[in-house]
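Structure, as structure tokens:
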Amino acid sequence: MSGRGWRVAAAMVALAAMLPVAAGLVGILAPAFGHLPALGHRGVSLAPFAALFAAPGIATSVLLSAATGLAATALGVGLTMLLLAASYGGRSLVVAERLLAPILSVPHAAAAAGFVFLFAPTGFVLRLLSPWPSGLEAPPDIALVGDPYGIALVLALAMKETPFLFMMALVALSQVEAAGRVGVARSLGYGRMAAFLHAAWPLVYRQMRLPVLAVLAFAASVVDVVMILGPRQPAPLGGRIVTWLQAADLDGWFLGSAGAVAMMGLVLLLVGLWRAGEAVAGRAAARLRLGGRRWRRDRVARVAVLGFGAVAVAAMAVSFAGLMLQSVAGYWPFPDVLPATVGLAVWQRRLAMAAATLGDTLTIALAATAAALPLAVVLVEAARRGGVSTRLVYVPLIVPQVAFLFGLDVLAIRAGLTPGLGAVILAHMVFALPYQVIALAGPWQALDPRFEAVAASLGAGPVRRFVTVRLAMMTASLLVTAAVSVAVSVGLYLPTQMIGAGRVATVTTEAVAAATGGDRRLLGLYATLQLVIPLLAFAVARWVPALLWRRRRGMRPVRWAA
Numbered sequence: 001m002s003g004r005g006w007r008v009a010a011a012m013v014a015l016a017a018m019l020p021v022a023a024g025l026v027g028i029l030a031p032a033f034g035h036l037p038a039l040g041h042r043g044v045s046l047a048p049f050a051a052l053f054a055a056p057g058i059a060t061s062v063l064l065s066a067a068t069g070l071a072a073t074a075l076g077v078g079l080t081m082l083l084l085a086a087s088y089g090g091r092s093l094v095v096a097e098r099l100l101a102p103i104l105s106v107p108h109a110a111a112a113a114g115f116v117f118l119f120a121p122t123g124f125v126l127r128l129l130s131p132w133p134s135g136l137e138a139p140p141d142i143a144l145v146g147d148p149y150g151i152a153l154v155l156a157l158a159m160k161e162t163p164f165l166f167m168m169a170l171v172a173l174s175q176v177e178a179a180g181r182v183g184v185a186r187s188l189g190y191g192r193m194a195a196f197l198h199a200a201w202p203l204v205y206r207q208m209r210l211p212v213l214a215v216l217a218f219a220a221s222v223v224d225v226v227m228i229l230g231p232r233q234p235a236p237l238g239g240r241i242v243t244w245l246q247a248a249d250l251d252g253w254f255l256g257s258a259g260a261v262a263m264m265g266l267v268l269l270l271v272g273l274w275r276a277g278e279a280v281a282g283r284a285a286a287r288l289r290l291g292g293r294r295w296r297r298d299r300v301a302r303v304a305v306l307g308f309g310a311v312a313v314a315a316m317a318v319s320f321a322g323l324m325l326q327s328v329a330g331y332w333p334f335p336d337v338l339p340a341t342v343g344l345a346v347w348q349r350r351l352a353m354a355a356a357t358l359g360d361t362l363t364i365a366l367a368a369t370a371a372a373l374p375l376a377v378v379l380v381e382a383a384r385r386g387g388v389s390t391r392l393v394y395v396p397l398i399v400p401q402v403a404f405l406f407g408l409d410v411l412a413i414r415a416g417l418t419p420g421l422g423a424v425i426l427a428h429m430v431f432a433l434p435y436q437v438i439a440l441a442g443p444w445q446a447l448d449p450r451f452e453a454v455a456a457s458l459g460a461g462p463v464r465r466f467v468t469v470r471l472a473m474m475t476a477s478l479l480v481t482a483a484v485s486v487a488v489s490v491g492l493y494l495p496t497q498m499i500g501a502g503r504v505a506t507v508t509t510e511a512v513a514a515a516t517g518g519d520r521r522l523l524g525l526y527a528t529l530q531l532v533i534p535l536l537a538f539a540v541a542r543w544v545p546a547l548l549w550r551r552r553r554g555m556r557p558v559r560w561a562a
């Protein structure tokens, strides 16, 4: 295929990726303004918005969504910046790269469940501290999880999104010649962290701005994590919108649609506030640079930052091990650190249902991944050849899910499409494709073009060079990309719930249902399944290339950060 052919194909893929979002937004606007002929409502009306503004606690819900979204994003970006500055140029960065895959594979609902296991009033942390030194013989009557200010929600979202932002920073590092810039700053007397923060971080952040905005949009409108960790009375706006849209009273569709439009407006406002904050932070950083302080003695700071990262990773590992233990726990009184009895009663009772749910989850994840991966290859190859931007493909990540999924569902019903596995697979493709492009773009660009040049000099044509050289050498990266896509699909809650109309169950929808129902053993079972599937996918991505190319060292995957 010629360069023009790649560009045309990429443009078609990007437009196709935007189409569901655009269609969903169009579909949500009509009921938001009172027009839904299927329910006998015709014409334009502002009554849904009047009902929205009159809903009890709506101002608090909006403020909670805005505050938690901004706080979680700011905390995630700050942690990413400090961790990268502390680890850049050292062995700890290599270790961090190796840990990224298993950490990124954790779905949001499983991460939220792990947070509950650690920090609930009956959680593992208080069990370790009780009865000594806390003096507690019974769980404290305080809202450590589900607090009215959303603090637990902010902390959990920040911990979950920091690895994603760290991965985006690694991709950006290979595009900004960070090593040379940091080397110059070091030669001028700056300490390791200060050299990176002054010379490289501004350029790295500029390259990862779109993923940061995607995190902001997600954190402000998230639903599944809110249902597990968020405040209840009132809940953040995203959770209330889903409640309205799924109400037995179909008039709730109008209220929910108006709420979805309001959520879209809120995210746009938050993006504007974030960009204004970027300008303020940029001026503050410029003043620090002009101050001339070199910050040479930063060893304590580096050790503290890396120590915090190690503790966070260890806490995640403990929480996931705890979820597995929780699924087999019997009698487990507070403040005992370990359960008094263990058994497989929950697994035996739920095995048949869990097996069917697991089968549907795997079918959806593998089908969406297989269908989206060739499209991702088209996009990254066209971007490599120049003249094509992959920015449009990020639109489904930046637009709040709740703002367009219901509209897409309404249009699907009008078109006569029956909710089921097929519709859910298509919905998952919309979200799998952007993450595949994110995961594949860095290694795809980093592959040395001289390999294909040598093949051309030996008489290989364009198609043969692409298949036998580029695709073969990218086998490991393609498998990692597929594993990322499987992890994304397994973790999707709202697209499965809304597009599947409640008829399609996955391990994530069941985990959220178990969490909201208070059945911790059942939650542990489904959270364990949530963790196992992506980890198996990453294990396959790691070991298949090792077996295929065990005698060809040059076929090992390309690192992002040089």
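Numbering follows full-length UniProt numbering, in which position 483 of the sequence shown is assigned residue number 483; successive positions increment by one, without gaps.
Where is the CB? At the ideal position from N, CA and C, for every residue including glycine.
Computed from a predicted model, the values in this text were never measured in an experiment.
Note to self: Residues in the same chain with beta-carbon distance under 6 Å from L75, minus the five sequence neighbours each way, listed in chain order, please.
What the structure shows: Same-chain partners within the cutoff: A158.
Notebook entry, point to check: DSSP three-state call for residue 645: helix, strand or coil?
Noted result: The structure shown does not extend to residue 645, since the chain is modelled only from 1 to 562, so the question has no answer here.
Checklist line | Local conformation of H428 per DSSP, three classes | finding: In the structure shown, H428 adopts helical secondary structure according to DSSP, grouped into three states.
Notebook entry, point to check: If you draw a straight line from the alpha carbon of A562 to that of P339, how long is it in whole angstroms?
Noted result: Note that A562 has pLDDT 42, beneath the 50 cutoff, so the model's placement of it is unreliable and the number below is only indicative. Cα-Cα distance, rounded: 47 Å.
Notebook entry, point to check: Leaving out the 5 sequence neighbours to the left and right, which residues in its chain are closer than 6 Å to L392 when beta-carbon positions are compared?
Noted result: Within the same chain, Cβ atoms closer than 6 Å to the Cβ of L392 are found at A14, M18, the five residues on either side in sequence being excluded.
Note to self: My output table needs one value for A329: the three-state DSSP class, helix, strand or coil.
What the structure shows: In the structure shown, A329 adopts extended strand secondary structure according to DSSP, grouped into three states.
Next item on the list: May I ask you to verify whether the region 487-494 touches the region 84-92, counting CB pairs closer than 8 Å and requiring at least 3?
Entry: A contact is defined here as three or more CB-CB pairs under 8 Å, and the region 487-494 fails this definition with respect to the region 84-92.
Check: How would you label Q348, buried or exposed, when you count the other beta carbons within 10 angstroms and need 16 or more for buried?
Finding: Classification for Q348: exposed.
Next item on the list: Sort V176, A71, V184 by Cα distance to A195 and report the nearest one.
Entry: Minimum Cα-Cα distance from A195 among the listed residues V176, A71, V184 corresponds to V184.
Note to self: According to DSSP, simplified to helix, strand and coil, what is A562?
What the structure shows: With a pLDDT of 42 at A562, under the threshold of 50, the predicted position of this residue should be treated as unreliable, though the coordinate-derived value follows. Per DSSP, reduced to three states, the secondary structure at A562 is coil, with no helix or strand assignment.
Check: Who are the near neighbours of L82 in its chain, counting only those whose CB is closer than 6 Å to its CB and skipping five residues on each side?
Finding: Excluding residues within five positions, the ones whose Cβ falls inside 6 Å are V305.
Next item on the list: Could you tell me whether the Cβ atoms of P48 and G34 are closer together than 8 Å?
Entry: In terms of Cβ geometry, P48 and G34 form a close pair [threshold 8 Å].
Check: If you draw a straight line from the C-alpha of S130 to the C-alpha of A152, how long is it?
Finding: Approximately 21 Å between the Cα atoms of the pair.
Notebook entry, point to check: Can you round the beta-carbon distance between Q436 and V484 to whole angstroms, since I take them to be within the 8 Å contact cut?
Noted result: With 8 Å as the limit, Q436 and V484 qualify as a contact, their Cβ atoms being about 7 Å apart.
Next item on the list: Check the C-beta distance from V504 over to T496 and give it rounded, since I have them as a contact under 8 Å.
Entry: A Cβ-Cβ separation of about 6 Å places V504 in contact with T496 under the 8 Å criterion.
Notebook entry, point to check: For the putative contact between P449 and Y394, defined by C-beta atoms under 8 Å, what is the C-beta separation to the nearest angstrom?
Noted result: Contact doesn't hold; Cβ gap of about 26 Å is too wide.
Note to self: Could you tell me the alpha carbon to alpha carbon distance between Y149 and P231, rounded to whole angstroms?
What the structure shows: Roughly 7 Å separates the two Cα atoms.
Notebook entry, point to check: Got a sec: is the Cβ-Cβ distance from T496 to anything in chain D below 8 Å?
Noted result: In the displayed structure, chain D is absent; only one protein chain is listed.
Checklist line | Nearest neighbour of R206, chosen from T243, A281, I142, G259 [CA to CA] | finding: Ranking the options by Cα distance to R206, first place goes to A281.
Next item on the list: Please look up how many angstroms separate the CB atoms of A66 and L270, rounded, as I've assumed it's under 8 Å.
Entry: Indeed, because the Cβ distance is near 6 Å, the residues count as touching under 8 Å.
Margin query: Let me check one thing: in DSSP terms, what residues is H41 bridge-paired to?
Written below: According to DSSP, H41 bridges with L36.
Check: Taking Cβ to Cβ, would you say S327 is nearer than 8 Å to R521?
Finding: S327 places its beta carbon less than 8 Å from that of R521.
Checklist line | Spatial neighbours of A172 in its chain, beta-carbon cut-off 6 Å, leaving aside the 5 residues before and after | finding: Cβ within range, chain order: V204, Q207, M208.
Next item on the list: For V106, name the three-state secondary structure that DSSP assigns.
Entry: Reduced to three states, the DSSP call for V106 is coil.
Next item on the list: Counting only runs of 4+ residues fully inside the region 304-391, write out the alpha helix (DSSP H) ranges in chain order.
Entry: Runs of alpha helix (DSSP H) with 4 or more residues, each lying fully within the region 304-391, are found at 345-385, listed in chain order.
Checklist line | For W244, the three-state DSSP class (helix, strand or coil) | finding: Residue state, collapsed to three classes: helix.
Next item on the list: Pull up the distance between the alpha-carbon of V346 and that of L523, whole angstroms please.
Entry: Approximately 10 Å between the Cα atoms of the pair.
Next item on the list: Determine the direct distance from the alpha carbon of A120 to that of L237, and round the result to whole angstroms.
Entry: Between the C-alpha atoms of L237 and A120 there is a straight-line separation of about 23 Å.
Next item on the list: Could you name the residues of the same chain whose beta carbon sits closer than 6 Å to that of L397, not counting the 5 residues immediately before and after it, in chain order?
Entry: For L397, where only same-chain residues beyond five positions count, the Cβ hits under 6 Å are A214, P434.
Next item on the list: Count the C-beta pairs between the region 294-312 and the region 102-118 that are closer than 8 Å, then say yes if the count reaches three, no if not.
Entry: Touching, no, given that fewer than three Cβ pairs across the two stretches are closer than 8 Å.
Notebook entry, point to check: In chain order, what residues of the same chain lie with their CB nearer than 7 Å to the CB of R542, ignoring the 5 residues before and after it?
Noted result: Nothing listed; no residue qualifies.
Margin query: Just to confirm before moving on: does the CB-CB distance between T475 and L548 stay below 8 Å?
Written below: Yes, Cβ-Cβ distance for T475 and L548 is below 8 Å.
Checklist line | Backbone secondary structure at A546 - three-state DSSP | finding: In the structure shown, A546 sits in a helix (DSSP, three-state: H, G or I).
Note to self: Tell me which residue opens and which closes the alpha helix (DSSP H) that D224 is part of.
What the structure shows: Run containing D224: 224-229, per the alpha helix (DSSP H) assignment.
Checklist line | Alpha-carbon to alpha-carbon, F431 and A371 | finding: If you draw a straight line from the Cα of A371 to the Cα of F431, it comes to about 12 Å.
Note to self: Please report the straight-line C-alpha distance between G322 and F117, rounded to a whole angstrom.
What the structure shows: Cα atoms of G322 and F117: separation of roughly 7 Å, rounded to the nearest angstrom.
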